[in-house]
Structures are given as structure tokens and as C-alpha cells.
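Everything below concerns the one structure shown next.
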Amino acid sequence: MIPNILSMAMISISWLLISLFLMLNPIIITAAATIYSHLNSSTIFRSFQNDNVMVGLEKLGVGQLVGPEDLAYDTRSGLIYTGCADGWIKRVKVNKSNSHVTVENWVKTGGRPLGLAFGRNKEVIVADPQKGLLNVSRHGKVRLLTDQAEGVKFRLTDSVDVAKDGMVYFADASYKYSLSEFTLDFLEGKPHGRLLSYNPRTKRTRVLVRDLYFANGVAVSPDQNSIVFCETAMVRCRKYHRRGTKNGTVTSFVDNLPGLPDNIRYAGKGNYWIALAAAPTRDLDLALMRHSLMNLTLKEKYVGMRVDLINKGGVLKVDTKGNRKAHYFNPELSLISSGKKIGNHLYCGSLFYSYIIRINLRNHSQPT
300 MIPNILSMAM
310 ISISWLLISL
320 FLMLNPIIIT
330 AAATIYSHLN
340 SSTIFRSFQN
350 DNVMVGLEKL
360 GVGQLVGPED
370 LAYDTRSGLI
380 YTGCADGWIK
390 RVKVNKSNSH
400 VTVENWVKTG
410 GRPLGLAFGR
420 NKEVIVADPQ
430 KGLLNVSRHG
440 KVRLLTDQAE
450 GVKFRLTDSV
460 DVAKDGMVYF
470 ADASYKYSLS
480 EFTLDFLEGK
490 PHGRLLSYNP
500 RTKRTRVLVR
510 DLYFANGVAV
520 SPDQNSIVFC
530 ETAMVRCRKY
540 HRRGTKNGTV
550 TSFVDNLPGL
560 PDNIRYAGKG
570 NYWIALAAAP
580 TRDLDLALMR
590 HSLMNLTLKE
600 KYVGMRVDLI
610 NKGGVLKVDT
620 KGNRKAHYFN
630 PELSLISSGK
640 KIGNHLYCGS
650 LFYSYIIRIN
660 LRNHSQPT
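My numbering puts the first residue of the sequence shown at 300, with every later residue one more than the last.
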């Protein structure tokens, strides 16, 4: 009898704890339903693994480049700029014939530099989630441009690009969660992201698009008429029109991507390169089909899904209309955050790796 009473008491306590957990953490109930309910698993673009992508793959600067999240290339000096986990913006001199590189600690921002882009005068504009939007002069002087908009501080400034007229466009992935908490933004399933602009002449910061699900990569179109930006949690990229008849409106660019998009870069000749950190899996398909029944099992499903999600990744090449042209896809490319085409090579950065990946595109046909 006593054991039964104890068992009942333990069950009651367990249910009490579960109830409190669910009341205090509504994000666990609604996350997948909120973020993924717009998707249909049958419409997600699928890509097959390209084992030949690994032929000739090189790892550059191993151990010297910890978390090289984004890459910017200076055509005049031949240097790659990247922000690393130790707070340094590093300059990398690559050797085209072998994997030897020279790494220089150039500027320490005092934060954690992520997105990088060159300004009109070759200064480096930096998206730093700990500091905000920064300007680093050619001589290495760091200056804060902005760290808030409409009275709301940035928490996860992560991507940036600069138009030819000097206007700066950038994304704050979340005004609620910091870089170390970014998975919580996905779990909560609410739109905390914003696309913003900074006018260096007037010093004005504007919110262009709000209520984004983890706003990420930003790229100015080659005709300068629009800004392509990524919504990681919605596996899509959209377009903000900065001038013309559609000025101020947002339209679709590419939906149902074959992975979670991070940075996007225009590489010339009518092509963008989108880094896909992780690819949809069977577990995600199950989540999409059963999202309405997941209210009590979401946490368990998320844990299992997360492990499988990070097994694959890649870089997607699309044209200016959003049409898919090629997809470099392999487990070795999982968790990459940027893809930058320089000459005949594709360079990939990652928030999690301690090196830059280089792929010789001449060794490969156009994989799909």
C-alpha cells in the first residue's frame, strides 16, 4: 500500500513539474507548428549528396581560423577578410596552388564579428552581434555606426552588404536572443528578426522589414534595385525592393530551399551563392506532417530531429530570378555559414569550424 501511495505521489509530482514546465515554456508546445506549418514536405526541393564535391577539397588555416563565419574578398590585395570567434577580423592570404595560407590578426572589434562587407571607400562594415553595426577603416580604426532601431537594441546583428550609393543593409536575426542563445529563437518560433538600413550620410537607421523568422544573409542585387535576404527558420529568401515601381515592398525570391539558409552572396555573371547550414531530413518531414499533434512530444522530437539535421549541408547557386543552377551538397559541408566564389574556387566559412573550406570548381561539373 505504501509503495502504491509513494508511486501515486511521485506521479502527481511528475505531472505537476510537467505542467509547470509547459506553462513556463509555451515555446516547447508551438515551435514547430508555428515555424513549419507553412511548409509542405512534398514541395521541399531535394538535393542528392554529391560525393565528387569532396575531390580536391581543402581545409585552409586549420586551427588559425576558429569560426570564420563570413568571408569578404578584396580584389586589389587578394586578401580574404573573416571574423573569428576570438574577436579578431583576420586577413588571409591564400595560395592558389596549395593549401598554405598566411593568417594575420588585423583588427579586434571587442565583440564577435560575423557578417563583413566593403564600403565605398574600402572600409570594412561589420555586423557584430555583441556590438552592433561597425565601421573599420583601412587603418584599423573601429567605430560604432548603430546598435538600435526604433528604440530596440540589436541582439544578433549577423549579415551586411553595401550598395554602390553607400547605403548599408543589414540583418538583426533576433532582437530577443543573443548569438549564444540563437537556438532558443528557433524553438520559440516567433518572428524577432528585422531587415534594416543605415544611411552613412544622415546617420539614420531604418527598419525596412520586421517580423522575420531569424533574418540572415543580405545581398544587394546587381542592378541595385533590391535586397535579397534570407529567413533561416522559414527556409526561404525574399526580396526587398529599394527603388522602382515596387519600392518598399517585399516579394518572394526562392522558397522551400533544400536547407537552412545562412549567408547569401552575389558572385557576378547573374549568380548568387546561398550557404545552407543543414538540410531537411526524414525527421523534419515527420514534423511537418504531424505538427498539429506535436504539442506533448515536440521537445523529444526536436532533440532527435536536431541530430539528423546537421548531418548534411551545402551551397546552392541560383540566378537573379531565384532559379536553381547548381547545388554542392555533402556531409563535409554541413554547418557552413557562407559561400564565396573567388576565381575558380568556392570558399566556405563556418561558425563552428576552425578553418575555411576551399573547393576547386574546375574539378566538378554542375552538380544538382
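Where a beta carbon is used, it is the ideal one built from N, C-alpha and C, also for glycine. Nothing here was measured: the structure is a model prediction, and the numbers come from that model.
Residue from Y476, L443, V461, K463 whose Cα sits closest to the Cα of L455: In the sequence shown, counting from the first residue as 1, residue 455 sits at position 156. It is Y476.
Minimum C-alpha distance to L478 - residue among H399, L650, G360: Here residue 478 refers to the residue found at position 179 of the sequence shown. The shortest C-alpha separation from L478 is found at L650.
Exposure label - G439; buried when at least 16 CB within 10 Å: Counting from 1 along the sequence shown, the entry for residue 439 is found at position 140. G439 should be labelled exposed.
Inter-residue Cα distance where the pair is Q363 and V402: By 1-based counting over the sequence shown, the position of residue 363 is 64. By 1-based counting over the sequence shown, the position of residue 402 is 103. Each residue's Cα considered, the two are about 7 Å apart.
Same chain only: Cβ atoms within 8 Å of G386, ignoring 5 sequence neighbours per side: Within the sequence shown, the letter at position 87 stands for residue 386. If we look at G386 and ignore the five residues flanking it on each side, its Cβ neighbours are K407, T408, G409, G410, R411, P412.
Through-space distance from G613 to E449, alpha-carbon basis: In the sequence shown, counting from the first residue as 1, residue 449 sits at position 150. In the sequence shown, counting from the first residue as 1, residue 613 sits at position 314. So the two alpha carbons sit approximately 36 Å from each other.
Closest by C-alpha distance to V425, when choosing among V365, Y571, Y497, V534: One-based indexing of the sequence shown puts residue 425 at position 126. Comparing Cα-Cα distances from V425 to each of V365, Y571, Y497, V534, the minimum goes to Y497.
R657 burial status per 10 Å Cβ neighbour count (16 or more: buried): Counting from 1 along the sequence shown, the entry for residue 657 is found at position 358. Buried, by the Cβ-count rule.
Inter-residue CB distance, D484 and G414 (contact presumed, cutoff 8 Å): Residue 484 sits at position 185 when you count from the first residue of the sequence shown. Residue 414 sits at position 115 when you count from the first residue of the sequence shown. Not quite, the Cβ-Cβ distance comes to about 17 Å (not below 8 Å), so this is no contact.
Expected contact under 8 Å - CB spacing of G735 and L575 to nearest Å: This structure does not reach residue 735, given that the chain is present from 300 up to 667, and the question cannot be answered.
Best match in M533, D522, R542 for proximity to L507 [C-alpha to C-alpha]: As a first step, residue 507 must be located in the sequence shown, where it is residue number 208. Here the closest residue by C-alpha is R542.
Three-state secondary structure assigned by DSSP to D560: In the sequence shown, counting from the first residue as 1, residue 560 sits at position 261. The sequence shown places Pro at residue 560, rather than the Asp named in the question. Residue state, collapsed to three classes: strand.
With 16 other Cβ atoms within 10 Å as the buried cut-off, status of Y601: To locate residue 601, count along the sequence shown from 1; it is residue 302. In this predicted model, Y601 has a pLDDT of only 42, less than 50, meaning its place in the structure is not dependable; the value taken from the coordinates is given anyway. By the 10 Å Cβ count, Y601 comes out buried.
Under 8 Å between C-beta atoms of Y512 and P490: Position 213 of the sequence shown holds residue 512. Position 191 of the sequence shown holds residue 490. Yes, they are a contact pair.
CB of V276 within 8 Å of CB of F528, strictly: What is shown of the chain runs 300 to 667, which leaves residue 276 out entirely.
For F481, three-class secondary structure by DSSP: Reading the sequence shown from its first residue, position 182 is the one you call residue 481. DSSP places F481 in helix when its eight states are reduced to three.
Exposure label - S551; buried when at least 16 CB within 10 Å: Numbered from its first residue, the sequence shown carries residue 551 at position 252. Flag for S551 reads exposed.
Helix, strand or coil at T445 according to DSSP, with G and I counted as helix: As a first step, residue 445 is located in the sequence shown; it is residue number 146 there, counting from the start. Residue state, collapsed to three classes: strand.
Reduced DSSP category for D522 - H, G, I as helix; E, B as strand; rest coil: Within the sequence shown, numbered from 1, the residue matching residue 522 stands at position 223. Here D522 sits in coil by DSSP.
Inter-residue spacing [alpha-carbon to alpha-carbon] between K421 and R437: Locating residue 421 in the sequence shown gives position 122, counting from the first residue. Locating residue 437 in the sequence shown gives position 138, counting from the first residue. In a straight line, the C-alpha of K421 is about 7 Å away from that of R437.
Other residues of its chain near Q738: CB distance less than 7 Å, five sequence neighbours each side excluded: The structure shown has nothing for residue 738, since the chain only spans 300 to 667.
CB contact check: L511 to chain D, cutoff 8 Å: The structure shown has no chain D; it contains just one protein chain.
Rounded straight-line distance, which links the Cα of A371 to that of K389: Residue numbering aside, residue 389 sits at position 90 when the sequence shown is read from its first letter. Residue numbering aside, residue 371 sits at position 72 when the sequence shown is read from its first letter. Their backbone Cα atoms lie some 11 Å apart in a straight line.
Burial state of Y627 (16 or more Cβ within 10 Å): Start at 1 with the first residue of the sequence shown, and residue 627 comes out as number 328. Flag for Y627 reads buried.
Assumed close pair A462, A514 - CB separation to whole angstroms, cut-off 8 Å: Residue 462 sits at position 163 when you count from the first residue of the sequence shown. Residue 514 sits at position 215 when you count from the first residue of the sequence shown. A462 to A514, Cβ: 18 Å. No contact.
Per DSSP, cross-strand counterpart(s) of S458: Your numbering for residue 458 matches position 159 in the sequence shown. Paired residue(s): A470.
Beta-bridge pairing of L432 - partner residues as DSSP gives them: Residue 432 sits at position 133 when you count from the first residue of the sequence shown. In DSSP, L432 forms a bridge with A426, T445.
N- and C-terminal bounds of the beta strand (DSSP E) containing D510: Counting from 1 along the sequence shown, the entry for residue 510 is found at position 211. Segment 503-511, the beta strand (DSSP E) holding D510.
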